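Q: Residue numbers (this note's numbering): 6 to 160. Got a structure here, written out as structure tokens. Questions coming.
Here it is in structure tokens:
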């Protein structure tokens, strides 16, 4: 259930335009020790179904601009990624939405909003030992009603 809720939160809120988190993504995207996943809004809209990992996103597909994921699997890179993300969050006006600890992993969820809209949603997942780190950035233009509707339809 926690994993499903975490996935729902991850897929729920998104943003428009470049940001501090996006600059972190750009910094690490060509590193050979980092796995990169980048899906554009066009790719999301071309999907015949908005069903991703058990969540129905059909109502939100038109609001998603991008999904970006970085996964660092070396200790030095994971620690560096975590440090850079924290620095970008502090400078970029992000608000912490939640911190979830399960087992030896911690997920920190942050949002960048513009009035009633969530512009960017990011989640940093890292183990307590700091050996690796995963950054997920969702960009789009969502309201809290969109998030609530997604939750109602998927939980």
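Virtual Cβ for every residue (Gly too), placed ideally from N, Cα, C. These numbers were taken from a predicted model, which means no experiment stands behind them.
(1) To the nearest angstrom, report how far apart residue 106 and residue 138 are at their CA atoms.
(2) Taking C-alpha atoms, which residue in 133, 134, 120, 141 lies nearest to residue 126?
(3) Residue 69 and residue 46: beta carbons closer than 7 Å?
(4) Would you say the beta carbon of residue 101 is closer than 6 Å to some non-hydrogen atom of the ligand ADP?
(5) Here's the rule I'm using: 16 or more other beta-carbon atoms within 10 Å means buried, otherwise exposed. How should residue 51 be labelled?
(6) According to DSSP, residue 67 sits in a beta bridge with which residue or residues?
(7) What three-state label does DSSP hand residue 50 in the structure shown?
(8) The beta strand (DSSP E) that contains residue 119, what's its start and end?
(9) Could you tell me how far apart the beta carbons of residue 109 and residue 133 are, in whole angstroms, since I believe they sit closer than 8 Å?
(10) Is it right to say residue 54 is buried, meaning 16 or more other beta carbons lie within 10 angstroms of its own, or is it exposed?
(11) Among residues of its own chain, excluding the 5 on either side of residue 102, which ones have a beta-carbon nearer than 7 Å to its beta-carbon?
(12) Kindly indicate which residue of 63, 77, 48, 67 has the alpha-carbon position closest to the one of residue 29.
(13) Name the two residues that bound the continuous beta strand (DSSP E) containing residue 145.
A: So, to answer that:
(1) Taking the first residue of the chain shown as position 1, residue 106 is located at position 101. Taking the first residue of the chain shown as position 1, residue 138 is located at position 133. Between residue 106 and residue 138, the C-alpha separation is close to 14 Å.
(2) Residue 126 sits at position 121 when you count from the first residue of the chain shown. Minimum Cα distance to residue 126 is reached at 141.
(3) By one-based count along the chain shown, residue 69 stands at place 64. By one-based count along the chain shown, residue 46 stands at place 41. Contact: yes.
(4) With respect to the ligand ADP, the structure offers nothing, as it holds no ligand at all.
(5) Numbered from 1 along the chain shown, position 46 holds the residue referred to as residue 51. Counting Cβ neighbours within 10 Å, residue 51 comes out exposed, since fewer than 16 surround it.
(6) Along the chain shown, read from residue 1 onward, the residue named residue 67 stands at position 62. BP columns for residue 67 are empty, so no partner.
(7) Start at 1 with the first residue of the chain shown, and residue 50 comes out as number 45. Helix, per DSSP.
(8) By one-based count along the chain shown, residue 119 stands at place 114. Taken as a continuous stretch (DSSP letters only), the beta strand (DSSP E) holding residue 119 covers 110-119.
(9) As a working mapping, residue 109 is identified with position 104 in the chain shown. As a working mapping, residue 133 is identified with position 128 in the chain shown. Right, their Cβ atoms sit about 5 Å apart.
(10) Taking the chain shown and counting its residues from 1, one reaches residue 54 at position 49. It is exposed - the Cβ of residue 54 has fewer than 16 other Cβ atoms within 10 Å.
(11) As a first step, residue 102 is located in the chain shown; it is residue number 97 there, counting from the start. Cβ within range, chain order: 114, 115, 116.
(12) If you number the chain shown from 1, residue 29 lands on position 24. Here the closest residue by C-alpha is 77.
(13) Within the chain shown, residue 145 is the residue found at index 140, counting from 1. From DSSP, the beta strand (DSSP E) with residue 145 extends over 138-148.
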